[in-house]
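Take the sequence shown: its position 219, counted from the start at 1, is 219 in my numbering, and no numbers get skipped. Backbone N, C-alpha and C fix where the C-beta goes; we use that ideal spot for every residue, glycine too.
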Amino acid sequence: MKKYYIRTFGCQMNINDSQKMAGMLKTLGYEPARDWEDADIILVNTCSVREKPDQKVLSALGEFKKIKNKKPDAVIGVCGCLAQRAGYEILQKAPFVDMVFGTTNIHHLPKLLEEALQGNKAVEILEDIDQNETELDKYPTVRENRYTAYVTVMRGCDKKCTYCIVPYTRGKERSRRIGEILQEVQWLIDDGVKEIHLIGQNVTAYGKDLGDVRFVDLLYAVADVEGVERIRFTTGHPRDLDEETIKAMAEIPQICEHLHLPIQAGSDRILKAMERGYTQKEYLEKIELLKKYIPDISLSTDIIVGFPGETYEDYMETIKVLKEVEYDQVFAFKYSPRPGTPAAQMPMTEDPKTLSKWLNDLILMQKEITFKKNLQYEGKTVEVLVEEEKEGRFVGRTRTNKLVHIEGRNNLLGEIVDVKVTKVNRFSLEGEAIEQLV
Ligand code: SAH
Ligand code: SF4
Ligand code: F3S
1 MKKYYIRTFG CQMNINDSQK MAGMLKTLGY EPARDWEDAD IILVNTCSVR EKPDQKVLSA
61 LGEFKKIKNK KPDAVIGVCG CLAQRAGYEI LQKAPFVDMV FGTTNIHHLP KLLEEALQGN
121 KAVEILEDID QNETELDKYP TVRENRYTAY VTVMRGCDKK CTYCIVPYTR GKERSRRIGE
181 ILQEVQWLID DGVKEIHLIG QNVTAYGKDL GDVRFVDLLY AVADVEGVER IRFTTGHPRD
241 LDEETIKAMA EIPQICEHLH LPIQAGSDRI LKAMERGYTQ KEYLEKIELL KKYIPDISLS
301 TDIIVGFPGE TYEDYMETIK VLKEVEYDQV FAFKYSPRPG TPAAQMPMTE DPKTLSKWLN
361 DLILMQKEIT FKKNLQYEGK TVEVLVEEEK EGRFVGRTRT NKLVHIEGRN NLLGEIVDVK
421 VTKVNRFSLE GEAIEQLV
C-alpha cells in the first residue's frame, strides 16, 4: 500500500484540513507512513500568520527534498495559507515541489495528485473561493485523538485586523449550513467521539452571512445531538460575543467552562490602529459578563507585543489587563509584519531588542499567574475526559481545559471520570480517578 505523510503548521483550521486530507488519501487507498522517509506522498500544510512559520515551511521542505534520492517518484505537495499567498513563489524557492494548492480547493487534492503522479507540476491557486469547497466536508477525518474532534463551522474572516494575513489567505466569511454540521457531528458521535470542538477564525460570527441562523442556534442544535458530552468552540471574537451567547454557554450543560478570547493589546490607541473594533473597557465588560454567568470559567487569550507605534505606556496597558483578568493561559508573540497587510506599511518605533524584553517579561509574569490559577485546583475534584494513555498513565483534560495526568488501574480511555487533584504543576495537574479510590 502507498503511504502518506502530512506535516501541519498553524491553527486548528489547518489541523482539521489536514485531518480531512488524510481522510481523502485513505479513501484513495493510502495509509499513514510512520515517518516522512517511508512516504510516497508528503504534504506540507502551511501557515503564514507570522514570519517564523513561513521560514519553518522552507526548512521542512529542505528536509523532505531528500526523499527524492530514495524514492524519485515520491510526490511533495504544499498547501495551506502560505501556499494560498505565495503559490508560485514556492515553486521558485523549492523547484522539487510537485504540487501546490490553496485553502479553498483542498477537495481537488485527488485530481492534483493524479496530475503530479503523471510527472506534471500540479499547481492550482484560486483567487476566488471555489464554489464547491464544502466537498471537503464530506470526507471522514483521520484523527489522532479518538474522543475529541474538530468540526469546521465557518471559513474565512471579514474582520481585516490591520496586522493579519488570515483574511487574505482564507477569504471572506462563509458559514456551513447547520444541517451539514449536525450531520458531521452525528458521524463523529457514531465513531466514538465525546467532545465536539467547533472551529472557525471567528465562530461567534457564525451565521451572519446566512442570515437565518445565529451562533447560539448552532450551539443549542449541537447540544441536542445525542451523545455529545462536551462542546468547545474557538475562536470567539470579542466584538461578536454577545450576552445571548454567554447565557447559552452557561445554560447548555455540555459547553465547557473555558473560552479563548483574544485581546491582542490592552491600549485603546493600539486596539484602534489594529482595527479590532473594541476598547479595553468594552473587552473587560465582556470578561466580567463571562465571569458573572460562568463563575468558574477559565480564560485564555492572544497577545501581540510591539505593534507599530506601541510605546512602553501602551504595553503596560496590556500588562495591566493580564493582571486584572488573570488568564489561565496566554499565547503571546512579537508583532511580525505581513506582506500586503495595512500594518506592514506602518513604521516600527521600538527596536527588536526592547520588544524581545517586553515579550519575555510578559511571558514570565503570566507564567506565575498560570501557576497561581492551577494551584486553585489543589485537592479539588474535577471532571476529566481521558484522551490517551502514556507511559502507564492516563492523560485527559478538565472542562476548563487543564491537562491532567491520572493514576489508574482500570482502563479509563474515552471515559469521563471524576479525578481528585493530588499535585499541581506549572502546566498540568496530577490526580487519581475517584472510582478507583473507593
Ligand atoms: N481570529 C483570531 C486570530 C487568528 S490568528 C482572532 O481574531 O483573535 C491567531 C493569532 O495570531 C492572533 O490572535 C494574533 O495574536 C496572532 N497574529 C496574527 N497576525 C499576527 C502578526 N502579524 N504578528 C504577530 N502575531 C500575529
Ligand atoms: Fe485575523 Fe482579525 Fe480575522 Fe482574527 S479577526 S483572523 S486576527 S483579521
Ligand atoms: Fe496560520 Fe492560516 Fe491558521 S495563516 S493561523 S494556518 S488560518
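When the five nearest sequence neighbours on each side are left out, the beta carbons in the same chain lying within less than 6 Å of the beta carbon of Lys423 are those of Glu430, in order along the chain. Annotation: the continuous alpha helix (DSSP H) that includes Cys81 extends over 81-93. Listed in chain order, the non-local C-beta contacts of Ile67 below 8 Å within the same chain comprise Trp36, Glu37, Ala39, Ile42, Ala74, Ile76, local neighbours out to five positions each way being set aside. Sorted by chain position, residues whose beta-carbon lies closer than 6 Å to a non-hydrogen atom of the ligand SF4 are Cys157, Lys159, Lys160, Cys161, Cys164, Val166, Pro167, Gln201, Asn202, His237. Annotation for Arg176: Val153 place their beta carbon closer than 6 Å to its own, counting only its chain and skipping 5 residues before and after. Distance from the CA atom of Leu355 to the CA atom of Ile303, rounded to whole angstroms, is 13 Å. Shown here, Asn69 sits in a helix according to DSSP, grouped into three states. Across the structure, Pro167 and Cys81 are spaced so that their CA atoms are roughly 10 Å apart. Of the residues Asp137, Lys286, Ile246, Lys334, the one whose Cα lies closest to the Cα of Met21 is Asp137. Between Tyr150 and His108, the beta carbon gap of about 21 Å keeps them out of contact (Cβ cut-off 8 Å). The C-beta separation of Ser48 from Ile231 comes to about 30 Å, leaving the pair out of contact by the 8 Å criterion. Here Tyr163 is not near Arg393, since their CB atoms are 8 Å or more apart.
Listed as beta-bridge partners of Tyr5 by DSSP are Ile42. Ile231 has Ile196, Ile255 as its beta-bridge partners, per DSSP.
In this structure, Ile270 and Phe307 form a Cβ contact; the two beta carbons are roughly 5 Å apart against a cut-off of 8 Å. Per the coordinates, the alpha-carbon of Ile90 lies some 13 Å from the alpha-carbon of Asn45. In this model, Gly156 and Asp190 are separated by some 29 Å (Cα to Cα). Taking the Cβ of Tyr335 as the reference point, at least one heavy atom of the ligand SAH falls within a distance shorter than 7 Å. At least one heavy atom of the ligand F3S is found less than 7 Å from the C-beta of Arg170. Just so you know, the alpha carbons of Asp98 and Asp54 end up roughly 19 Å apart.
Short of 7 Å from the beta carbon of Lys160, and not among the five residues preceding or following it, lie these beta carbons of its own chain, in chain order: Pro167, Glu275.
With fewer than 16 neighbouring CB atoms inside 10 Å of its own CB, Leu364 falls in the exposed class.
Within the DSSP bridge table, the entry for His405 names Val395, Glu430 as partners.
Bridge partners of Gly77 according to DSSP: Leu43, Met99. Annotation: the continuous beta strand (DSSP E) that includes Ile304 extends over 298-305.
In this chain, the beta strand (DSSP E) harbouring Ala149 covers 148-152. For Asn14, the Cβ falls inside the 7 Å cut-off from some heavy atom of the ligand F3S. Excluding five sequence positions before and after Arg146, the CB atoms of its chain that fall closer than 7 Å to its own CB belong to Gly192, Gly414, given in chain order. In the same chain as Gln329, and ignoring 5 residues on each side of it, the C-beta atoms closer than 7 Å to its own belong to Ser300, Thr370, in chain order.
The same chain holds no residue with a CB closer than 6 Å to that of Gly179 once the five nearest residues on each side in sequence are set aside. The stretch 373-393 makes no contact with the stretch 340-357: fewer than 3 CB pairs, one atom from each, lie closer than 8 Å.
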